[in-house]
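*Asks:* With the numbering used here applied, the sequence shown corresponds to residues 13 to 243, in that order.
Idealized CB from N, CA, C, for every residue including glycine.
Quick caveat, the model's predicted, so the values are computed rather than measured.
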Amino acid sequence: MKYLLLPDNEDRHLSFYLATEEYAARHIVGDAATDLFFTWQVRPTVICGRNQVVENEVNLRYCRCHDIDVVRRKSGGGCVYADQGNVMLSMITHDENVNMTYNRFMGLLVLLLRQMGIQATSTSHNDVMIGDRKVSGTAFYHLPGASIIHATMLFDTCMDHMLNAITPSTEKLQRKGVESVRQRITLLKDYTTMDTAEFRTMAKTLLCQGEQLLSDDDVRNIETLEQGYFY
């Protein structure tokens, strides 16, 4: 698996990275036998699944007041919140088998945390857990000849924004058997002295062999594709 090198630009919106996944699946992975992996961080953003009714899941007024972007991804699953305190991880692979791809990716995430001395586990719902609390969730979609799977690793996320930007139903919280979102998630910073930059470097070193650089033409094409991700 090769590490996909992205432009170093902190002003990029999350939509750019979603478009990068799709572009790599359509135009880069198809030209080689090597899967791709990359990590990224973004400004405060709520990412909605492809089938969600945004108005029912997102506190749009709160997001507007706090300059939080809202984008829709093409994978399924629920809304998640991301900011510079999250590390996002993406894998683009030739494998189109959903279960095999999930199992491989979840195994890589658990391996990564265990290399840090953290006794992480995965669940049948494709979450990564530390004890009984969730530290990472994943989502998947595939295109002809390629699959995309990505994860949100909670590192030092702004809890106030996470709790107020997304509005899960009372029924959903009751199904989880908890009184609040805060009671069912945890932050990676509580288990390591690493910062996000060190974590990303470790992920690259441990999981990848070699690099794949985006060309200037690639970046321009991604920026065009990006327009389809804005909410």
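Report the three-state DSSP secondary structure of LEU16 (helix, strand or coil).
*Replies:* Position 4 of the sequence shown, counting from 1, holds the residue named residue 16. In the structure shown, LEU16 sits in a strand (DSSP, three-state: E or B).
*Asks:* Would you be able to state if there are at least three C-beta pairs under 8 Å between the stretch 103 to 112 and the stretch 57 to 65?
*Replies:* The stretch 57 to 65, when compared against the stretch 103 to 112, does not touch it at the 8 Å Cβ threshold.
*Asks:* Can you name the start and end residues of the beta strand (DSSP E) that ARG85 belongs to?
*Replies:* Taking the sequence shown and counting its residues from 1, one reaches residue 85 at position 73. No beta strand (DSSP E) contains ARG85, which DSSP labels as neither H nor E.
*Asks:* Hey, how far is the Cα of MET165 from the Cα of VAL65?
*Replies:* As a first step, residue 165 must be located in the sequence shown, where it is residue number 153. As a first step, residue 65 must be located in the sequence shown, where it is residue number 53. Distance between the alpha carbons of MET165 and VAL65 is about 24 Å.
*Asks:* Span of the alpha helix (DSSP H) holding GLN127?
*Replies:* Walking along the sequence shown from the start, residue 127 turns up at place 115. Where GLN127 is concerned, the enclosing alpha helix (DSSP H) stretches over 110 to 127.
*Asks:* Where does THR150 sit, in a helix, a strand or coil, going by DSSP?
*Replies:* Position 138 of the sequence shown, counted from the first residue, corresponds to residue 150. The answer is strand: DSSP assigns THR150 an E or B state.
*Asks:* Tell me which residues share the same chain as THR57 and place their Cβ nearer than 8 Å to its Cβ, disregarding the 5 neighbours each side in the sequence.
*Replies:* In the sequence shown, residue 57 corresponds to position 45, counting from 1. Cβ within range, chain order: HIS25, LEU26, ILE80, ASP81, VAL82, VAL83, TYR93, ALA94, ASP95.
*Asks:* Please classify ILE130: does DSSP put it in a helix, a strand, or coil?
*Replies:* Taking the sequence shown and counting its residues from 1, one reaches residue 130 at position 118. Three-state DSSP puts ILE130 in coil, outside helix and strand.
*Asks:* Using the C-alpha atoms, what's the distance from HIS39 back to PHE117?
*Replies:* The count along the sequence shown starts at 1 and reaches residue 117 at position 105. The count along the sequence shown starts at 1 and reaches residue 39 at position 27. Cα to Cα, PHE117 sits roughly 21 Å from HIS39.
*Asks:* Determine which residues share a DSSP beta bridge with ASN98 and list them.
*Replies:* Counting from 1 along the sequence shown, the entry for residue 98 is found at position 86. According to DSSP, which records beta bridges pairwise, ASN98 is partnered with LEU166.
*Asks:* How many Å lie between GLY157 and LEU219 at the Cα?
*Replies:* The residue labelled residue 157 in the question sits at position 145 within the sequence shown. The residue labelled residue 219 in the question sits at position 207 within the sequence shown. Near 22 Å, if we compare the C-alpha coordinates of LEU219 and GLY157.
*Asks:* Over what stretch of residues does the alpha helix (DSSP H) that includes LEU72 continue unbroken?
*Replies:* Indexing the sequence shown from 1 puts residue 72 at position 60. First-last of the alpha helix (DSSP H) with LEU72: 72 to 77.
*Asks:* In whole angstroms, give me the CA-to-CA distance for ILE160 and THR113.
*Replies:* Sequence index remark: in the sequence shown, residue 160 carries index 148 (1-based). Sequence index remark: in the sequence shown, residue 113 carries index 101 (1-based). Distance between the alpha carbons of ILE160 and THR113 is about 9 Å.
*Asks:* Does the contact criterion of 3 or more C-beta pairs under 8 Å hold for the stretch 66 to 79 versus the stretch 136 to 156?
*Replies:* As far as the Cβ criterion goes, the stretch 66 to 79 does not touch the stretch 136 to 156, which means the pair count is below three.
*Asks:* If we call anything under 8 Å between Cβ atoms a contact, is ASN71 one with THR179?
*Replies:* For this step, residue 71 is matched to residue 59 along the sequence shown. For this step, residue 179 is matched to residue 167 along the sequence shown. Going by C-beta atoms, ASN71 is nearer than 8 Å to THR179.
*Asks:* So, is GLU34 buried or exposed, given that buried needs 16 or more other C-beta atoms within 10 angstroms?
*Replies:* Mapped onto the sequence shown, residue 34 falls at position 22. By the neighbour-count rule (16 or more Cβ atoms within 10 Å), GLU34 is buried.
*Asks:* Below 7 Å CB to CB, which residues in the same chain sit around THR8 once its five sequence neighbours on both sides are set aside?
*Replies:* Lying outside 13 to 243, the shown extent of the chain, residue 8 is not represented and no answer is given.
*Asks:* What residue range does the alpha helix (DSSP H) around MET171 cover?
*Replies:* Numbered from its first residue, the sequence shown carries residue 171 at position 159. Residues 171 to 177.
*Asks:* Could you check whether GLY90 and THR169 sit closer than 8 Å to each other, using their CB atoms as the reference points?
*Replies:* Position 157 of the sequence shown holds residue 169. Position 78 of the sequence shown holds residue 90. It is not a contact, given that the beta carbons lie outside the stated cut-off.
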